[in-house]
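Colleague: Below: one structure in C-alpha coordinates.
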Amino acid sequence: MEKIKTTVKIAGKEYTMVGTESEEHIRRVAVYVDRKMEELALTTRMPQNMVAVLTAMNIADDLLKAQDENTRLRKEIMQVQQQLTAMRIEHNAPPMKRTQEAAKDKQ
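Letter by letter, the sequence shown follows residues 4 to 110 of my numbering.
Below you can see the structure in the form of C-alpha coordinates.
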(Lines of atoms letter the chains of each structure in order from A; the text may use other names.)
(Lines give C-alpha, C1' and ligand atoms only; values in the text may rest on other atoms or scores of the structure.)
Protein backbone atom coordinates (compact mmCIF):
# COMPACT_ATOMS: atom_id res chain seq x y z
CA MET A 4 0.00 0.00 0.00
CA GLU A 5 1.23 3.45 -0.89
CA LYS A 6 2.47 5.74 1.88
CA ILE A 7 0.80 9.14 1.94
CA LYS A 8 2.68 12.17 3.24
CA THR A 9 0.55 14.98 4.68
CA THR A 10 1.49 18.14 6.55
CA VAL A 11 -0.93 19.12 9.31
CA LYS A 12 -1.06 21.85 11.92
CA ILE A 13 -1.74 20.97 15.56
CA ALA A 14 -1.53 23.54 18.35
CA GLY A 15 0.12 26.01 16.00
CA LYS A 16 2.92 23.65 14.96
CA GLU A 17 3.30 21.88 11.64
CA TYR A 18 3.84 18.12 11.57
CA THR A 19 4.50 15.89 8.58
CA MET A 20 2.56 12.68 8.91
CA VAL A 21 3.21 9.58 6.83
CA GLY A 22 0.73 6.74 6.68
CA THR A 23 -1.50 4.57 4.55
CA GLU A 24 -4.72 6.44 5.32
CA SER A 25 -6.05 9.04 2.91
CA GLU A 26 -4.89 12.63 3.20
CA GLU A 27 -8.47 13.61 4.05
CA HIS A 28 -8.54 11.14 6.94
CA ILE A 29 -5.19 12.31 8.30
CA ARG A 30 -6.34 15.93 8.16
CA ARG A 31 -9.60 15.02 9.88
CA VAL A 32 -7.72 13.35 12.72
CA ALA A 33 -5.38 16.34 13.02
CA VAL A 34 -8.29 18.78 13.18
CA TYR A 35 -9.92 16.64 15.88
CA VAL A 36 -6.74 16.53 17.97
CA ASP A 37 -6.14 20.25 17.46
CA ARG A 38 -9.65 21.10 18.64
CA LYS A 39 -9.37 18.85 21.68
CA MET A 40 -6.03 20.42 22.63
CA GLU A 41 -7.44 23.91 22.12
CA GLU A 42 -10.46 23.14 24.34
CA LEU A 43 -8.16 22.02 27.14
CA ALA A 44 -5.66 24.84 26.66
CA LEU A 45 -8.43 27.43 26.96
CA THR A 46 -9.54 26.09 30.34
CA THR A 47 -6.15 25.51 31.96
CA ARG A 48 -2.77 27.18 32.30
CA MET A 49 -0.53 24.22 31.60
CA PRO A 50 2.55 23.81 29.46
CA GLN A 51 1.78 22.52 25.97
CA ASN A 52 3.34 19.12 26.66
CA MET A 53 0.94 18.63 29.60
CA VAL A 54 -1.98 19.73 27.42
CA ALA A 55 -0.89 17.14 24.84
CA VAL A 56 -0.71 14.35 27.44
CA LEU A 57 -4.09 15.24 28.97
CA THR A 58 -5.61 15.47 25.49
CA ALA A 59 -4.24 12.01 24.70
CA MET A 60 -5.73 10.71 27.97
CA ASN A 61 -9.12 12.26 27.19
CA ILE A 62 -9.15 10.86 23.66
CA ALA A 63 -8.11 7.41 24.94
CA ASP A 64 -10.89 7.60 27.55
CA ASP A 65 -13.43 8.43 24.81
CA LEU A 66 -12.12 5.55 22.70
CA LEU A 67 -12.33 3.00 25.52
CA LYS A 68 -15.87 4.11 26.38
CA ALA A 69 -16.86 3.80 22.71
CA GLN A 70 -15.30 0.32 22.54
CA ASP A 71 -17.21 -0.73 25.67
CA GLU A 72 -20.46 0.58 24.16
CA ASN A 73 -19.67 -1.21 20.90
CA THR A 74 -19.14 -4.48 22.79
CA ARG A 75 -22.39 -3.99 24.72
CA LEU A 76 -24.33 -3.31 21.52
CA ARG A 77 -22.81 -6.33 19.76
CA LYS A 78 -23.89 -8.55 22.66
CA GLU A 79 -27.37 -7.05 22.52
CA ILE A 80 -27.56 -7.70 18.76
CA MET A 81 -26.45 -11.31 19.29
CA GLN A 82 -29.17 -11.78 21.92
CA VAL A 83 -31.82 -10.37 19.60
CA GLN A 84 -30.57 -12.59 16.77
CA GLN A 85 -30.76 -15.62 19.06
CA GLN A 86 -34.29 -14.68 20.10
CA LEU A 87 -35.26 -14.24 16.45
CA THR A 88 -33.78 -17.62 15.57
CA ALA A 89 -35.66 -19.23 18.45
CA MET A 90 -38.90 -17.61 17.30
CA ARG A 91 -38.34 -18.86 13.75
CA ILE A 92 -37.69 -22.37 15.03
CA GLU A 93 -40.76 -22.14 17.27
CA HIS A 94 -42.92 -21.18 14.32
CA ASN A 95 -41.23 -23.91 12.28
CA ALA A 96 -41.03 -21.90 9.09
CA PRO A 97 -37.95 -21.07 7.05
CA PRO A 98 -37.09 -17.36 7.14
CA MET A 99 -37.28 -16.90 3.36
CA LYS A 100 -40.75 -18.46 3.10
CA ARG A 101 -42.17 -16.11 5.75
CA THR A 102 -40.53 -13.11 4.05
CA GLN A 103 -41.99 -14.12 0.70
CA GLU A 104 -45.45 -14.59 2.23
CA ALA A 105 -45.27 -11.16 3.87
CA ALA A 106 -44.29 -9.61 0.54
CA LYS A 107 -47.25 -11.30 -1.20
CA ASP A 108 -49.63 -10.02 1.49
CA LYS A 109 -48.50 -6.45 0.83
CA GLN A 110 -49.32 -6.77 -2.89
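All C-beta atoms in this analysis are idealised placements derived from N, C-alpha and C, irrespective of residue type, glycine included.
Between which two residues does the alpha helix (DSSP H) carrying residue 26 extend?
Modeller: Taking the first residue of the sequence shown as 1, we reach residue 26 at position 23. That run of the alpha helix (DSSP H) goes 26-46.
Colleague: According to DSSP, is residue 6 part of a helix, a strand, or is it coil?
Modeller: For this step, residue 6 is matched to residue 3 along the sequence shown. Three-state result, residue 6: coil.
Colleague: Run the CB neighbour count on residue 40, radius 10 Å, all protein chains shown included, and call it buried at 16 or more, exposed below.
Modeller: As a first step, residue 40 is located in the sequence shown; it is residue number 37 there, counting from the start. Under this definition residue 40 is a buried residue.
Colleague: For residue 19, which of helix, strand or coil comes out of DSSP?
Modeller: Against the sequence shown, residue 19 aligns to sequence position 16. In this structure, residue 19 counts as strand in the three-state DSSP scheme.
Colleague: What does DSSP give as the partner residues of residue 13 in its beta bridges?
Modeller: Within the sequence shown, numbered from 1, the residue matching residue 13 stands at position 10. In DSSP, residue 13 forms a bridge with 16.
Colleague: Can you list, in chain order, the residues of its chain whose CB lies under 8 angstroms from that of residue 44, leaving out five sequence neighbours each side?
Modeller: Within the sequence shown, numbered from 1, the residue matching residue 44 stands at position 41. Once the five neighbours on either side are set aside, the close Cβ partners of residue 44 are 14, 51, 54.
Colleague: Quick one: grab the DSSP three-state call for residue 81.
Modeller: Here residue 81 corresponds to residue number 78 of the sequence shown, with the count starting at 1. Helix at residue 81.
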